[in-house]
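Visitor: One structure, as structure tokens, below. Some questions next.
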Amino acid sequence: MSRDRALVLAVDDEPANLALLHKLLSHQGYDVVEAHNGRSALAAVADHAPDLVCLDVLMPEMDGIEVCQRLRAQPAYVGLPILLVTALNRSQDKVRGLEAGANDFLTKPFDESELKARVRSLLRVKALQDRLADLLGRYVSDSIAAEVLRAPFGVQLGGDRRHVTTLFADIRGYTALAAEHEPEQALDLLNCYLEVTSDAVERFGGTVADLLGDGVFAFFGAPVMHADDPWRTVRAALEIQSAIRQLEIPSLPEVRLQAGVGITTGEVIAGNVGSARRMHYAVVGDAVNVAARLQATAGPGQILVDASTHAAVDGSVVSQDLGTVRLAGKGEWIPVFSILGERS
1 MSRDRALVLA VDDEPANLAL LHKLLSHQGY DVVEAHNGRS ALAAVADHAP
51 DLVCLDVLMP EMDGIEVCQR LRAQPAYVGL PILLVTALNR SQDKVRGLEA
101 GANDFLTKPF DESELKARVR SLLRVKALQD RLADLLGRYV SDSIAAEVLR
151 APFGVQLGGD RRHVTTLFAD IRGYTALAAE HEPEQALDLL NCYLEVTSDA
201 VERFGGTVAD LLGDGVFAFF GAPVMHADDP WRTVRAALEI QSAIRQLEIP
251 SLPEVRLQAG VGITTGEVIA GNVGSARRMH YAVVGDAVNV AARLQATAGP
301 GQILVDASTH AAVDGSVVSQ DLGTVRLAGK GEWIPVFSIL GERS
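Taking the UniProt record's numbering, I'd label the letters of the sequence shown as residues 1 to 344.
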């Protein structure tokens with residue numbers, strides 16, 4: 001969240017202590033919100049998304065240690081800096097706080113200079129982490145960036161079995177368009193197309209795995225799963241086709257694009273593919289290969305899906321049964337359906 005000034009949540013059940021924290025933090029140039037107990041602290045974090053929490057330990061009902069544990073149990077708050085402010089100074093008390101997820105300690109009574117130094121240090125780390133998340137999010141989907149930042153040292157090759165819906169989308173006639181226009185115009189075309197396609201996938205909770213020249217490889221169900229992933233994928237595909245039909249390319253005002261889309265649903269391995277030095281998050285399995293071949297078979301503006309995907313969305317879409325189709329590279333014939341639109 002972009003702010004002109006950092007927002008600090010001050011939590012203490014003693015009004016005098018809370019007033020002092022508020023005064024000192026405000027004097028240092030921070031915006032401050034207050035919470036009077038553990039439960040209101042959790043609510044304030046959800047409502048205000050602070051950049052840092054100054055948290056008293058000794059509070060009735062829910063103490064600061066439990067607040068730490070509850071925040072760290074939620075992936076969204078794994079990187080939130082927490083400064084425990086406590087009268088406890090025994091080593092075992094600090095160990096409990098660190099194990100609960102606190103970043104630093106401030107022992108009561110404290111002076112303003114010590115508070116200033118610790119808050120500035122934690123906010124500096126938070127700013128670097130936010131910058132890293134922003135940069136990482138430009139190269140991978142937000143869901144993958146969040147997973148990497150949540151457990152950066154747990155990233156390794158391999159994966160697990162998931163039930164995933166896979167989508168491939170590709171511009172029809174791109175090779176001819178690229179041959180007829182300057183490279184700068186072809187790049188402008190690609191960027192406009194890839195932007196609307198990627199936005200549609202992420203808007204419905206999907207993961208953009210790769211940008212394949214004039215194609216997009218995406219999936220729904222990993223690393224974040226939803227009960228209606230097939231329906232989310234089909235809605236994303238319909239939005240992609242609608243957006244592409246209306247897309248206007250500044251350097252190519254006369255060009256109108258069309259895409260072919262292929263979608264399948266099935267069991268795959270989802271995880272990191274590559275080598276120990278260079279890897280990316282992907283899904284691997286026969287369903288992925290079939291989706292790629294359905295995309296290659298699809299005509300301009302067409303969305304082709306397999307029987308599993310169609311069964312999951314039937315009743316919510318208008319579709320056409322194309323019978324069985326033999327795909328390139330596949331020995332067997334498979335049932336294929338064309339999605340025409342959402343059912344009113």
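The beta carbon of each residue, even a glycine, is placed where N, CA and C say it ideally should be.
Considering Cα atoms alone, identify which of Pro230, Leu187 and Glu184 is closest to Gly206.
Guide: If we check each option's Cα against that of Gly206, Pro230 comes out closest.
Visitor: When DSSP labels each residue in this structure, what does Leu58 get in the three-state scheme?
Guide: Note: Leu58 maps to coil in three-state DSSP.
Visitor: Name the DSSP bridge partner or partners of Ser319?
Guide: Paired residue(s): Ile339.
Visitor: Identify which residue in His163, Ala282, Ala209 and Ala200 has its Cα closest to the Cα of Ala236.
Guide: It is Ala200 whose Cα lies nearest to the Cα of Ala236.
Visitor: Roughly how many whole angstroms lie between the Cα atoms of Asp210 and Phe220?
Guide: When rounded, the distance between both Cα atoms is 13 Å.
Visitor: Do you know whose CA, among Ala10, Ser113 and Met62, lies nearest Val45's CA?
Guide: With distances taken between Cα atoms, Val45 lies closest to Ala10.
Visitor: By Cβ distance below 6 Å, which residues in the same chain neighbour Leu7 in space, the five residues on each side in sequence not counted?
Guide: Taken in chain order, the residues that qualify are Asp31, Pro50 and Asp51.
Visitor: Could you tell me whether the Cβ atoms of Ile303 and Ile263 are closer together than 8 Å?
Guide: For Ile303 and Ile263, yes; Cβs fall inside 8 Å.
Visitor: In chain order, what are the residue ranges of uninterrupted beta strand (DSSP E) at least 3 long that sit wholly in the UniProt domain "Response regulatory" (7-123)?
Guide: Listed in chain order, they are 7-11, 31-35, 52-56, 82-86 and 104-107.
Visitor: Over the uninterrupted beta strand (DSSP E) stretch that includes Asp210, give me the two end residues.
Guide: Here the beta strand (DSSP E) through Asp210 covers Thr207 to Leu212.
Visitor: According to the Cβ coordinates, are Glu332 and Ser316 closer than 8 Å?
Guide: No, Cβ-Cβ distance for Glu332 and Ser316 is not below 8 Å.
Visitor: Rank Glu184, Gln129 and Thr107 by C-alpha distance to the C-alpha of Leu58 and give the top, closest one.
Guide: The residue with the shortest Cα to Cα distance from Leu58 is Thr107.
Visitor: Thinking C-beta only, is Asp47 closer than 8 Å to Asp13?
Guide: Not in contact: Asp13 and Asp47 (Cβ atoms no closer than 8 Å).
Visitor: Where does the unbroken beta strand (DSSP E) through Ile269 begin, and where does it stop?
Guide: Where Ile269 is concerned, the enclosing beta strand (DSSP E) stretches over Ala259 to Gly274.
Visitor: Could you tell me whether the segment 251-271 touches the segment 182-200, using the rule of 3 or more Cβ pairs below 8 Å?
Guide: Taking 8 Å as the limit for Cβ pairs, the verdict is that the segment 182-200 does touch the segment 251-271.
Visitor: By a C-beta neighbour count over all protein chains shown, 10 Å radius and 16 as the cutoff for buried, is Gly299 buried or exposed?
Guide: That one is exposed.
Visitor: Between Gln295, Val208 and Pro15, which has its C-alpha nearest Ala282's C-alpha?
Guide: Of Gln295, Val208 and Pro15, the residue nearest in Cα terms is Val208.
Visitor: The alpha helix (DSSP H) spanning Val288 covers which residue range?
Guide: Per DSSP, Val288 belongs to the alpha helix (DSSP H) from Asp286 to Thr297.
Visitor: Would you kindly work out how many angstroms separate the C-alpha atoms of Asp160 and Val284, rounded to a whole number?
Guide: Cα-Cα distance, rounded: 10 Å.
Visitor: Would you report the Cα separation of Phe153 and Pro75, rounded to the nearest angstrom?
Guide: With a pLDDT of 42 at Phe153, under the threshold of 50, the predicted position of this residue should be treated as unreliable, though the coordinate-derived value follows. Their backbone Cα atoms lie some 15 Å apart in a straight line.
Visitor: Is it a yes or a no for the segment 305-316 touching the segment 171-188, going by three-plus beta-carbon pairs under 8 Å?
Guide: Contact between the segment 305-316 and the segment 171-188 is absent, because fewer than three Cβ pairs lie under 8 Å.
Visitor: Confirm, please, whether the CB-CB distance from Leu340 to Thr297 is below 8 Å.
Guide: No, the Cβ-Cβ distance between Thr297 and Leu340 is not below 8 Å.
Visitor: Determine the DSSP secondary structure at Ala282, reduced to helix, strand or coil.
Guide: Strand, per DSSP.
Visitor: What's the C-alpha gap between Ala41 and Glu239?
Guide: Answer to the nearest angstrom: the Cα atoms are 40 Å apart.
Visitor: Suppose you measure from the CA of Val125 to the CA of Pro335; what does that come to, to the nearest Å?
Guide: Each residue's Cα considered, the two are about 53 Å apart.
Visitor: With a threshold of 8 Å, are at least 3 pairs of Cβ atoms found where one atom belongs to the segment 98-107 and the other to the segment 65-82?
Guide: Because the criterion of three Cβ pairs below 8 Å is met, the segment 98-107 and the segment 65-82 touch.
Visitor: Out of Val273, Ala218, Glu254 and Ala227, state which residue places its alpha-carbon closest to the alpha-carbon of Gln295.
Guide: With distances taken between Cα atoms, Gln295 lies closest to Ala218.
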